[in-house]
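Just below is one structure, and these are the notes that go with it.
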Amino acid sequence: CIKRPYQDEYDRLEQLEISFEEINRFCKLCKSVGLEPMVTCFSRDHVLELSQLGFDTIKVASYDCASFQMLRELKDKYRHIIVSTGATFDYEIEHAASVLDGVQFSFLHCVTVYPTPLEQLNLARMDYLRRFTPRVGFSDHSLVSSDGVIASKAALALGAKIIERHYTVLGPEVTKDGPVS
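In our numbering, the protein residues as written are 9 to 189.
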């Protein structure tokens with residue numbers, strides 16, 4: 009069974025949260041250099057606010073793949089919804105796909121182990137996700153310092169259309185999410 013450490017996750021992620029002012033600055037900066045900005049929505053309370061900042065694409069963390077009401081609300085506000093599936097049961101993925109029917113959505117395969125050892129990647133899982141959408145990708149949590157980007161390359165070779173990779177241009181001691189980027 010998948011254990012969902014909601015309070016533990018909330019406590020961990022709350023430390024990484026950035027303000028809407030910082031998110032707005034990020035969005036404008038990306039657009040000014042021709043990049044499409046994207047952010048993860050962790051709360052139904054933020055659906056509208058994030059859409060008003062100019063995001064066309066929104067990411068949903070794997071712990072929220074089964075947050076069906078949030079998916080319904082996102083469906084009305086964003087052009088493309090990218091949903092990670094690592095902490096989700098198959099029946100929840102199936103239901104999420106039915107909720108998102110009618111809009112452009114993608115599913116990302118991931119393993120919710122940080123960092124993910126290469127022998128635990130289970131990239132064949134992307135084939136299962138293709139039952140619901142042709143837009144399937146991989147959220148790579150492998151350790152770049154020891155493994156490089158081989159996991160992402162393997163996912164691309166197996167047909168991934170999207171690669172999500174946490175990264176930082178700052179040192180881990182300077183940025184809020186440095187330890188997981």
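Glycine included, C-beta positions come from ideal geometry on N, C-alpha and C.
These numbers come from a predicted model, not from an experiment.
Spatially closest choice to residue i from the options, by CA coordinates
i, options, result
"V6", "I101, H88, E81 and L129", "Nothing about residue 6 can be read from this structure; the chain reaches only from 9 to 189."
"C68", "R80, L61 and Q60", "A quick correction: the sequence has Val, not Cys, at residue 68. Nearest option by C-alpha distance: R80."
"F34", "M46, L24 and Y99", "M46"
"I90", "K39, D98, L108 and L56", "L108"
"E102", "L24, G179, T141 and E172", "T141"
"I171", "L126, L178, V177 and K161", "K161"
"R6", "G167, D19 and K83", "Past the boundaries of the shown model lies residue 6; the chain is included only from 9 to 189, so the question cannot be answered."
"K39", "T65, S153 and E100", "T65"
Run of the beta strand (DSSP E) containing residue i, from where it starts to where it stops
i, result
"L116", "Q112 to H117"
"R173", "I170 to R173"
"K85", "Careful: K85 lies outside any beta strand (DSSP E) and carries neither H nor E."
"I66", "T65 to V68"
"V47", "M46 to T48"
CB of residue i within 8 angstroms of CB of residue j, strictly
i, j, result
"S106", "K85", "no"
"P123", "L164", "no"
"T120", "A95", "yes"
"V55", "L82", "yes"
"L129", "D155", "no"
"A104", "F63", "no"
First and last residue of the uninterrupted alpha helix (DSSP H) at residue i
i, result
"S92", "Unbroken run through S92 is the beta strand (DSSP E), H88 to S92; no alpha helix (DSSP H)."
"V107", "D98 to V107"
"R33", "F28 to S40"
"E57", "V55 to Q60"
"V182", "No alpha helix (DSSP H) holds V182; DSSP gives it neither H nor E."
"A162", "I158 to A165"
"D72", "It is not in any alpha helix (DSSP H) - D72 carries neither H nor E in the DSSP assignment."
"V152", "V152 to D155"
Given 8 angstroms, three or more beta-carbon pairs between the stretch 104-118 and the stretch 139-151: Yes, they touch.
Three or more C-beta pairs below 8 angstroms linking the stretch 61-80 and the stretch 33-53: Three or more beta-carbon pairs separated by less than 8 angstroms link the stretch 61-80 to the stretch 33-53, which places the two stretches in contact.
Segments of 4+ residues assigned as alpha helix (DSSP H) that fall wholly inside the stretch 123-148: For the alpha helix (DSSP H) assignment, the uninterrupted runs of no fewer than 4 residues enclosed by the stretch 123-148 are, from N- to C-terminal side, 133-137.
Inter-stretch contact (C-beta, 8 angstroms, three-pair minimum) for the stretch 29-37 and the stretch 124-134: In this structure the stretch 29-37 does not lie against the stretch 124-134, because fewer than three pairs of beta carbons, one per stretch, are closer than 8 angstroms.
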